[in-house]
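Trainee:
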Ligand code: SF4
């Protein structure tokens, strides 16, 4: 799985309440989550996420298990998320909804060009490469299928 | 020689295992998306309806008609498929499962991050998201990476006004918000025996605040006795020494009342450091501290006195409320000026029943103080019940005295 885009930097311990606030959860409207993603961090960010790679600090996606956090990022057009470590529920959620994650410690430069390859296990920020922690074969399969729903559908 | 996670999941740390799930649950918050994913998977049948639970606790009763409609859909889904369905006012999912349902050695998976609470019984209990839960509904199982373990070795016993919540805040401070990421916590050592089930649930509950996948106590005499109260016979589990990847020692006798502030649950200091800080609201409840032992403690602090700020008390379950009524606790709290809410999550997630306004500060017995969680522009401080009670009486952060609570 290959992806590329401009870098958007966010800090460490980015909790899912900040990715999508609790007040937007009572709906099934995915566009609404995309419109309010990161609102409490920077209200202008949601409109700038299309085609970007979000680079976060450690413990990305900690806190509430709300899958809407990963969905909001994907719906907003985020191509992938890179962080030195992810909180485990966010990690599973992102893979399950088909949002590529790269676990590797890169330093973020806002607007830099980012490329990543999950099969080969690396990410590059402005040409500077870091080696990613490999995903298990099953996780890669789920990602390749586009998430756990299509993965499950194909298997039946 | 194996950790409790290794024994229950059936593989050494670091390996991937497929396991059968004994109890799977979702609530009105996560159940909606789970149902969507389940239907999109073109699945019809829930594999194990008897082990599948839906609880309405997060925004229950519904706060507006959008919520009500989503809940109505989920309610009929649960009923049509014969799932264990628990409607509004019964209580918080994690508490209801602690009232004689979860047993030592089980694999418990919930679509809620605080599922780790149930590790207090010696079960492997962990949270997942909605799509993972949908796959569990469909297949009856899931995959895990068997976690490495951090042993938290407890010695001594709690003294003064310190309570199990202070232990929880202390280990989160030591580990940091991601210090236990991908790992399990095991609470071991001589100090464990003196912590009652209610306190163990409080400690296991906050494991996820350090990033942990699970927070477990080995089932012992206390566990077996507690379950016997619900008519269940269980057996104890014995820890193996030296199986953990890391050890953290905490002497319970050293603990003093603690408080988390600054929108970080690991920014923990002694209550004394913040004494005198004005507060606008006190909230006692949640899956961390809404149990009978907590309400009893609060009543002891407030008996015969009046609170100075609005104080919202939300029992963790209907049983908790009923017993608090029988024991005269409800009367004491009402006389002290508290508001008593409907059993459930209450204002914990900032959806209803006590949302904060711009610039307001709430001292809460919950587990999270993320920015804006209880309302845009509001701040949450986290403490024990004793600290919350003492502070409610003064309208400012106050160090509880041992004499107030014992
Ligand atoms: S009480 Fe709070 S932390 Fe516990 S399950 Fe409810 S919303 Fe989550």
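Residue numbers (my numbering), protein chains in the order written: chain A, 187 to 342; chain B, 878 to 1283. In this text, a Cβ means the ideal position worked out from N, Cα and C, and glycines have one as well.
#1: Cβ-heavy atom distance between residue 1102 of chain B and the ligand SF4 below 8 angstroms?
#2: Would you check if the distance between the CB atom of residue 299 of chain A and the CB atom of residue 1015 of chain B is smaller than 9 angstroms?
#3: Let me check you understand the geometry: is the CB of residue 1246 of chain B closer than 8 angstroms to at least one non-hydrogen atom of the ligand SF4?
#4: Run through the segment 1088 to 1131 of chain B for me and flag every whole beta strand (DSSP E) of 3 or more residues, listed as ranges in chain order.
#5: Less than 9 angstroms between the C-beta atoms of residue 1279 of chain B and residue 1036 of chain B, yes or no?
#6: Hey, how far is the Cα of residue 1274 of chain B from the Cα of residue 226 of chain A?
#7: On a CA-only basis, which of B:1154, B:1209, B:1196 and B:1189 is nearest residue 1178 of chain B? Give me that one, please.
#8: Buried or exposed: where does residue 305 of chain A fall if 16 or more other Cβ atoms within 10 Å of its Cβ makes it buried?
#9: Against residue 211 of chain A, what residues of chain B qualify as contacts under a CB-to-CB distance less than 7 angstroms, listed in chain order?
#10: Is residue 1113 of chain B close to the ligand SF4? I mean its beta-carbon at under 8 angstroms from any heavy atom of the ligand.
#11: Below 8 angstroms on C-beta distance, what does residue 1090 of chain B contact in chain A?
#12: With respect to 8 angstroms, is the separation between the Cβ of residue 1162 of chain B and the closest non-hydrogen atom of the ligand SF4 below this value?
#13: Measure how close the beta-carbons of residue 1128 of chain B and residue 1033 of chain B come, nearest whole angstrom, since I'm counting them as under 8 angstroms.
#14: Would you mind stating whether residue 1087 of chain B and residue 1131 of chain B have Cβ atoms separated by less than 9 angstroms?
#15: Thinking C-alpha only, which one of A:193, A:189, A:292 and A:280 is nearest residue 244 of chain A?
#16: Residue 1145 of chain B lies in the beta strand (DSSP E); which residues open and close that run?
#17: Mind checking whether the beta-carbon of residue 1043 of chain B lies closer than 8 angstroms to any heavy atom of the ligand SF4?
#18: List the whole-angstrom C-beta distance separating residue 984 of chain B from residue 897 of chain B, where the pair is believed to meet the contact cut-off of C-beta under 8 angstroms.
#19: Anyone know if the C-beta pair for residue 1233 of chain B and residue 1142 of chain B falls short of 9 angstroms?
#20: State the CB to CB distance for the pair residue 947 of chain B and residue 212 of chain A, rounded to an integer number of angstroms; the pair is presumed to be in contact (CB under 8 angstroms).
#21: Between which two residues does the alpha helix (DSSP H) containing residue 1164 of chain B stretch?
#22: Within the continuous alpha helix (DSSP H) that includes residue 971 of chain B, where are the two ends?
#23: In three-state DSSP terms, what is residue 1080 of chain B?
#24: Is any non-hydrogen atom of the ligand SF4 found closer than 8 angstroms to the C-beta of residue 910 of chain B, if you look at the structure I gave you?
#25: Can you check whether the C-beta of residue 338 of chain A is within less than 9 angstroms of a C-beta belonging to chain B?
#26: Could you say if the segment 1228 to 1243 of chain B and the segment 1197 to 1211 of chain B meet the contact criterion of at least three C-beta pairs nearer than 8 angstroms?
#27: If we define contact as Cβ-Cβ less than 9 angstroms, is residue 271 of chain A a contact residue for chain B?
#28: When the Cα of residue 1147 of chain B is compared with those of B:1261, B:1204, B:1124 and B:1121, which residue comes out closest?
#29: Starting from residue 282 of chain A and walking both ways along the alpha helix (DSSP H), at which residues does that stretch end?
#30: Compute the Euclidean distance between the alpha carbons of residue 839 of chain B and residue 1017 of chain B, then round it to the nearest angstrom.
#31: Per DSSP, residue 1211 of chain B is paired with what?
#32: Would you say residue 1333 of chain B and residue 334 of chain A are within 9 angstroms of each other, going by their C-beta atoms?
#33: Is residue 1080 of chain B near the ligand SF4, in the sense that its beta carbon is under 8 angstroms from a heavy atom of that ligand?
#34: Output the distance between the C-alpha atoms of residue 310 of chain A and residue 288 of chain A, rounded to the nearest integer angstrom.
#35: How far does the beta strand (DSSP E) with residue 1239 of chain B in it extend, from its first residue to its last?
#36: Quick test of the definition: if touching needs 3 or more C-beta pairs under 8 angstroms, does the segment 878 to 891 of chain B touch the segment 917 to 927 of chain B?
Mentor: Let's see:
#1: no
#2: no
#3: In this structure, residue 1246 of chain B has its CB at a distance of at least 8 angstroms from all heavy atoms of the ligand SF4.
#4: Counting only runs of at least 3 residues, the segment 1088 to 1131 of chain B fully encloses the following beta strand (DSSP E) elements, listed from N- to C-terminal order: 1091 to 1094 and 1123 to 1128.
#5: yes
#6: 27 angstroms
#7: Checking every option, the nearest Cα to that of residue 1178 of chain B belongs to B:1209.
#8: exposed
#9: 906
#10: no
#11: Taking a Cβ-Cβ threshold of 8 angstroms, the residues of chain A close to residue 1090 of chain B are 274, in chain order.
#12: yes
#13: At roughly 5 angstroms, the Cβ-Cβ gap stays under 8 angstroms, so residue 1128 of chain B and residue 1033 of chain B are in contact.
#14: no
#15: The shortest C-alpha separation from residue 244 of chain A is found at A:292.
#16: 1145 to 1147
#17: no
#18: 7 angstroms
#19: No; because the gap between Cβ atoms is not below 9 angstroms, this pair is not in contact.
#20: 6 angstroms
#21: 1163 to 1166
#22: 970 to 973
#23: It is helical.
#24: no
#25: yes
#26: no
#27: Closer than 9 angstroms to some Cβ of chain B, the Cβ of residue 271 of chain A qualifies, so yes.
#28: B:1261
#29: 274 to 282
#30: Only positions 878 to 1283 of chain B appear in the structure, and residue 839 of chain B is not among them; the question remains open.
#31: None, per the DSSP bridge assignment.
#32: Summary: the structure shown does not reach residue 1333 of chain B, with chain B confined to residues 878 through 1283, and so no result is reported for it.
#33: No; taking the cut-off as 8 angstroms, the Cβ of residue 1080 of chain B has no heavy atom of the ligand SF4 nearer than that.
#34: 11 angstroms
#35: 1238 to 1241
#36: no
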